[in-house]
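Residue numbers (the working numbering), protein chains in the order written: chain R, 70 to 741; chain V, 262 to 360; chain P, 310 to 816.
The beta carbon of each residue, even a glycine, is placed where N, CA and C say it ideally should be.
For reference, the structure is listed below as structure tokens.
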């Protein structure tokens, strides 16, 4: 027990230490050393996480929920927030995934960011991000959770606007931050509702009393859970709080891999799984979560079909896959949702890394329209992309196949109307396969573009003048802009290692949970979900389970086939289809007009209010009426008095005497 | 002896002083008139002290004398300064402090 | 009443003023050093008080000085520390010390006079926090205005004369109202031990006025405090004053003076006029709410960095007012914590504004800045930490303060609490906007980016470390404050529900 606690804290402290060391000693760390320090810190955290895992497995099943308390944080007047961790199978699974994948991404970054002038800063941020994420998943009470939640938002802001002299990057950063703050607010409000009922901020205490405090679907609890969902939606990019995620692709590619695929965006899934006792007591809120997840997976997939920015395709696919997970955990398929979270972390990080390699070969350009034929120039990258793509599309025996279908099978088995959600999930699976392979085919097959030819001849393309790919503004290569050199997986050992490991994991990760054969994850997670009704109750029948597997594989293959027909066999067809289906195309390519909607409903009115307050109200009322009125009154009074100050001494003396006489007379008369 | 006589004397002296302050324009004379008023007050204070049989009034009279001495010192200094700077020795002309 | 004389608080209180006098007569070159000593010793004193303070007796005054002053009017020289003002006193000394250090490194013109006004200002603020007698409180509250009047008027920006006139007249009107209110309270209450007049707060608490009287007296106090804070719509004096005040002075002004007003609500208005506080609760809550939204909206439309901070202070003070007028001890506890937090973040921000202006050719407009982080990573990091703390990011002590404030409010008036969250989101917009437009984006044409010097670091780094330490362990302030706020809020809670027993009553 003590070992678990100690190493639990160490998991948290190593990345923080890494940040501090890199930050304070940046002058004494030459060359690539900051990258090694950063990687080492995460490796140490990973090792500690493994120790925690092994020691936790040695404990009895009932003891596998360990609270580690450091000190009282804000314990006053009935609020009981301590600096505490909760170490149980769920958080251990999360720390293993987070530290493991982060470590590989750090290794990748050592090469990828190698020539960037902000190299040191990058690793300081990256370590801070991992620390924040670990704080989020290890938090033992609501206040710590919210702190981790916000730290993650801040770290992602820093990383998204890492190239801070790019105005597009800083705009994306502030957007991400603000939407994340909206999520924080939701989380805090949710916490208030729940705290009012259960009287404790501690997870275990709060969960233990939730059934006594709230009736099923109690309005207060549903409101609280909706608040939590707002937090989850903002962080996990679910509609309508998703608009920051595609913009966040402004950040360096390892950031996209780390934050926007593997770790941060899955926080919402973790949250719902962590709060399962609450959601099971408030099924209405859980249903909202499931429906929104389902909507998101469809909307994101539809946008993914038309986006031409390589990284944004993957970003929308992330949104869509998170939609599956949210739908899963909100429907009670906890193990399945977390299983998909894990496999998704592997293959999506892999896809992002491969995309980073391609983007580097294109000298920073991310536009699919300008790519093509990289297959021969970058065979390793191509191979990784294919593995990632197959896993994402759910083709057996890759990892995504098992995890996605497990979600859908469990959702279908939940109850009658959930079947509809599962069916829509299969539609999403078809779309997933189409857009994934559209992206791969367009980037790797077809006629090689000049950049690809240059690479085939052994020379990496460099842009003559560095520009911002989004706007075309000229840039230099100093701090705050991307560095002068590009790095691709074909040449950099560390990038290759990271991608290779992830590729293997993306292939074999699914074997943890093969229906009817292995249930490793189910068993492991059981102590966390021991109090859950749904965890035991939902058991898809064999027909559903195996039928689903077949259906899922068929959808994936069908999608790949369609993509092949459209973008390889008949490259002119997509334009024709676009012309015929103009309305849906407009809808998809404008991302369902969410940005415009938010702009019109929230941003513009506030800006108008600000201008009105500044230009009109402040001038007329605050300055005119209040300040002007007050000082005007004082001024008018003083000018009246001033008239008496004539400067004639004898006049003053006379006034004095008259006054004295008057007072004297008054007293005389009053006395008599 | 009744206190009335003292008070009447005091009142007459005070009135003479006050009238002087109001009528005359020479600062030196005004200063003298103020002295008259102060002494009238002193007379009244001492008379009351005597009549009431305690010394508070006498203490006050002494304080008034000190104040009067200070005032004369400052006032005469001012008048000398006016004279030296060749300014008119007339309080009606000296009215730059108007509001 | 027996008179107690513990000399500690008097030393703490008059030390800065004494050294202000020394600074005024010392040679020009060591005048700033005098001001610095005058500020550092009280800081040490305050730290000792923090350690020595007995949190378990947080509701009773400690280190009391209680002596006869003007017996005929029932005014006593009574100073004391309890859970309400302990951390605010510490904050005052810390910010004054930082500001004095800043001035020591960048001497002003006429340093002797500056040192004098500077020290008097600290004494006046400390006096207002320490006073346990209503007349004494009013005296120090008004005395605060005097040194700042001179500091703006003589060392201020181009429009300083107009600014001082505005500030003095406007805030003085409030103060005079409060003076009238104070006199009325004491004479009407007749709370003295023998039935005579008394201005001593503890006497006045025991003899509450009838409700109708409370109402209008409360209005005079509330106006004075709301103007001083400033709160919407009484903030008209703020922009001009902020624009023209020298930055190290502004750091103190913004960090501490506004807190005196908020503290006044807790120390004077709630305990003395509990019925009126309940009656006006909704009015003041709505004013605070509007302050939050309005201040935030103004902060993200203005281009002057100073005013971003000025308007953000209006919003933050709005939160503090919300906490106090939730009339719950959680809310008040959060308010106390938030007062300290806000002072702790806003002071370094003003120093940073000075550094930014030095790098952008003297301009304090966001339009002329940009890309200052380029060659100044340390400055950028410090600014970022402070900015994140200012927008009350969870994990900072500011968040704990806001969390408690809004939790208290949530339990009292749920709808208002939920609307107030708008301010939380808006804070992130205006603070990050200012940060990005100053530090990030394309480098401004006149911007010359360089990192901070060791001297600037000596001022900023300790403040930032204090912010971080406080973020890690806000419990320290919460423990000390707990009993004090309960005692401050209890009368109002009892007034709100006269028949029920108050749930949070302590033995």
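Point to revise | Residues near residue 670/P by beta carbon distance below 6 Å, same chain, minus five either side | key: Within the third chain, numbered from 1, the residue matching residue 670/P stands at position 361. Residues of the same chain with a CB within less than 6 Å of the CB of residue 670/P, apart from the 5 flanking positions on each side, are 755 in chain order.
Exercise for review: Please classify residue 438/R: does DSSP put it in a helix, a strand, or coil?
Suggested key: The residue labelled residue 438/R in the question sits at position 369 within the first chain. Here DSSP, grouped into helix, strand and coil, assigns residue 438/R to helix.
Check your understanding: Whose CA, out of 474/R, 115/R, 375/R and 214/R, lies closest to the CA of residue 405/R?
Key -> Position 336 of the first chain holds residue 405/R. Distances from the CA of residue 405/R to each of 474/R, 115/R, 375/R and 214/R were compared; the closest alpha carbon is that of 474/R.
**Study point:** Terminal residues of the alpha helix (DSSP H) in which residue 293/V lies
**Key:** Working through the second chain from its first residue, we reach residue 293/V at position 32. From DSSP, the alpha helix (DSSP H) with residue 293/V extends over 288 to 313.
Point to revise | 9 Å Cβ cutoff met for residue 59/R and residue 276/R | key: Residue numbering for chain R in the displayed model covers 70 to 741; residue 59/R lies beyond these limits and cannot be assessed.
**Study point:** Per-residue contacts from residue 670/R into chain V (C-beta, under 9 Å)
**Key:** Residue mapping note: residue 670/R aligns to position 601 of the first chain, counting from 1. Simply none; closest approach about 59 Å.
Exercise for review: Assign residue 331/V to one of two classes, buried (16 or more other C-beta atoms within 10 Å of its C-beta) or exposed (fewer than that).
Suggested key: Start at 1 with the first residue of the second chain, and residue 331/V comes out as number 70. Exposed is the call here.
Review point. Just the Cα atoms here: how many angstroms apart are residue 675/P and residue 684/P?
Key: As a first step, residue 675/P must be located in the third chain, where it is residue number 366. As a first step, residue 684/P must be located in the third chain, where it is residue number 375. When rounded, the distance between both Cα atoms is 18 Å.
Exercise for review: Please look up how many angstroms separate the CB atoms of residue 370/P and residue 390/P, rounded, as I've assumed it's under 8 Å.
Suggested key: Taking the third chain and counting its residues from 1, the one referred to as residue 370/P is at position 61. Taking the third chain and counting its residues from 1, the one referred to as residue 390/P is at position 81. Taking a contact as a CB-CB distance under 8 Å, the pair residue 370/P and residue 390/P counts as one, their CB atoms being some 7 Å apart.
Check your understanding: Using a C-beta cutoff of 9 Å, does residue 811/P count as contacting chain R?
Key -> As a first step, residue 811/P is located in the third chain; it is residue number 502 there, counting from the start. Confidence in residue 811/P is poor, its pLDDT being 46 and thus under 50, which makes the residue's placement unreliable; the coordinate value appears in the next sentence. Not a single CB atom of chain R sits nearer than 9 Å to the CB of residue 811/P.
**Study point:** Burial state of residue 417/R (16 or more Cβ within 10 Å)
**Key:** Taking the first residue of the first chain as position 1, residue 417/R is located at position 348. Label assigned to residue 417/R: buried.
Practice item. My understanding is that residue 268/R touches residue 294/R, with C-beta atoms under 8 Å, so please give their C-beta distance in whole angstroms. Key: For this step, residue 268/R is matched to residue 199 along the first chain. For this step, residue 294/R is matched to residue 225 along the first chain. A Cβ-Cβ distance of about 17 Å is found for the pair residue 268/R and residue 294/R, leaving them out of contact under the 8 Å criterion.
Point to revise | Where the alpha helix (DSSP H) containing residue 177/R begins and where it ends | key: Mapped onto the first chain, residue 177/R falls at position 108. That run of the alpha helix (DSSP H) goes 158 to 181.
Review point. Between which two residues does the alpha helix (DSSP H) carrying residue 666/R extend?
Key: By 1-based counting over the first chain, the position of residue 666/R is 597. Element bounds for residue 666/R: 663 to 667.
Review point. Using the beta-carbon of each residue, which ones in chain R are nearer than 8 Å to residue 358/V?
Key: Along the second chain, one-based indexing puts residue 358/V at 97. Those within 8 Å of residue 358/V in chain R are 714 and 716.
**Study point:** Range of the contiguous beta strand (DSSP E) that encloses residue 371/P
**Key:** By 1-based counting over the third chain, the position of residue 371/P is 62. Here the beta strand (DSSP E) through residue 371/P covers 371 to 379.
Practice item. Please compile the residues from chain R whose C-beta is within a distance smaller than 9 Å of the C-beta of residue 327/V. Key: Mapped onto the second chain, residue 327/V falls at position 66. Here the premise fails: no neighbours, minimum Cβ distance about 22 Å.
Practice item. Run down chain R in chain order and give the residues with a C-beta less than 8 Å from the C-beta of residue 642/P. Key: For this step, residue 642/P is matched to residue 333 along the third chain. Residues of chain R passing the Cβ test: 145 and 146.
Check your understanding: Does residue 377/P have its Cβ less than 9 Å from a Cβ in chain R?
Key -> Counted from its first residue, the third chain places residue 377/P at position 68. Not one chain R Cβ lies under 9 Å of residue 377/P.
Practice item. Measure from the alpha carbon of residue 602/P to the alpha carbon of each residue in 738/P, 525/P and 749/P, then state which is nearest. Key: As a position in the third chain, residue 602/P is number 293, starting the count at 1. If you compare the alpha carbons of 738/P, 525/P and 749/P with that of residue 602/P, the shortest gap goes to 738/P.
Review point. How would you call residue 487/R, buried or exposed, if buried means at least 16 neighbouring beta carbons within 10 angstroms?
Key: On the first chain, position 418 is the one that residue 487/R refers to. Residue 487/R comes out buried.
Check your understanding: From this set, 477/R, 82/R and 187/R, which residue's C-alpha is nearest residue 164/R's C-alpha?
Key -> On the first chain, position 95 is the one that residue 164/R refers to. Just measuring C-alpha positions, the residue of 477/R, 82/R and 187/R sitting nearest residue 164/R is 82/R.
**Study point:** 9 Å Cβ cutoff met for residue 534/P and residue 483/P
**Key:** Sequence index remark: in the third chain, residue 534/P carries index 225 (1-based). Sequence index remark: in the third chain, residue 483/P carries index 174 (1-based). Note that the C-beta distance between residue 534/P and residue 483/P is below 9 Å.
Review point. Excluding sequence positions up to five away, which residues of its chain have a Cβ less than 6 Å from the Cβ of residue 312/R?
Key: In the first chain, the residue the question calls residue 312/R occupies position 243. 663 and 664.
Check your understanding: Nearest to residue 460/P by CA position, among 493/P, 750/P, 499/P and 558/P, is which residue?
Key -> Taking the third chain and counting its residues from 1, one reaches residue 460/P at position 151. Of the candidates 493/P, 750/P, 499/P and 558/P, the residue whose Cα lies closest to the Cα of residue 460/P is 558/P.
Check your understanding: Who does residue 155/R pair with in a DSSP beta bridge?
Key -> Residue 155/R sits at position 86 when you count from the first residue of the first chain. DSSP output for residue 155/R lists 136/R as bridge partner(s).
Exercise for review: With DSSP as the reference, label residue 454/P as helix, strand or coil.
Suggested key: The residue labelled residue 454/P in the question sits at position 145 within the third chain. Reduced to three states, the DSSP call for residue 454/P is helix.
Practice item. Report, in whole angstroms, the separation of the C-beta atoms of residue 352/V and residue 288/V, which I expect to be a contact under 8 Å. Key: Stepping through the second chain from its first residue, residue 352/V is reached at position 91. Stepping through the second chain from its first residue, residue 288/V is reached at position 27. About 6 Å separates the Cβ atoms of residue 352/V and residue 288/V, confirming a contact at the 8 Å cut-off.
Review point. With burial defined as no fewer than 16 other Cβ atoms inside 10 Å of the residue's Cβ, what is the status of residue 462/R: buried or exposed?
Key: Translated into the one-based positions of the first chain, residue 462/R becomes position 393. Using a 10 angstroms sphere on the CB of residue 462/R, the tally of other CB atoms reaches 16 or more, which defines it as buried.
Review point. What residues from the segment 339 to 352 of chain V come within 8 Å of chain R, judged by C-beta to C-beta, listed N to C?
Key: Cβ proximity to chain R below 8 Å picks out 352 from the segment 339 to 352 of chain V.
Check your understanding: Looking at the C-beta of residue 310/P, does it have a partner C-beta in chain R at a distance below 9 Å?
Key -> Here residue 310/P corresponds to residue number 1 of the third chain, with the count starting at 1. Low confidence applies to residue 310/P: its pLDDT is 41, below 50, so where it sits in the model is not reliable, and the reading given next is rough at best. No, its Cβ sits nowhere closer than 9 Å to a Cβ of chain R.
Review point. Residues of chain P with CB under 8 Å from residue 212/R, in chain order?
Key: Taking the first residue of the first chain as position 1, residue 212/R is located at position 143. Taking a Cβ-Cβ threshold of 8 Å, the residues of chain P close to residue 212/R are 703, 709 and 712, in chain order.
Review point. When DSSP labels each residue in this structure, what does residue 703/P get in the three-state scheme?
Key: Position 394 of the third chain, counted from the first residue, corresponds to residue 703/P. Of the three classes helix, strand and coil, the one that applies to residue 703/P here is strand, per DSSP.
Check your understanding: So with Cβ pairs under 9 Å, would you call residue 188/R a contact of chain P?
Key -> As a working mapping, residue 188/R is identified with position 119 in the first chain. Chain P has no Cβ within less than 9 Å of the Cβ of residue 188/R.
Review point. So, is residue 326/V buried or exposed, given that buried needs 16 or more other C-beta atoms within 10 angstroms?
Key: For this step, residue 326/V is matched to residue 65 along the second chain. Answer is exposed; the Cβ neighbour count stays below 16.
Review point. Can a CB atom of chain R be found closer than 9 Å to the CB of residue 282/V?
Key: Numbered from its first residue, the second chain carries residue 282/V at position 21. For residue 282/V, the answer is yes, since a Cβ of chain R falls inside 9 Å of its Cβ.
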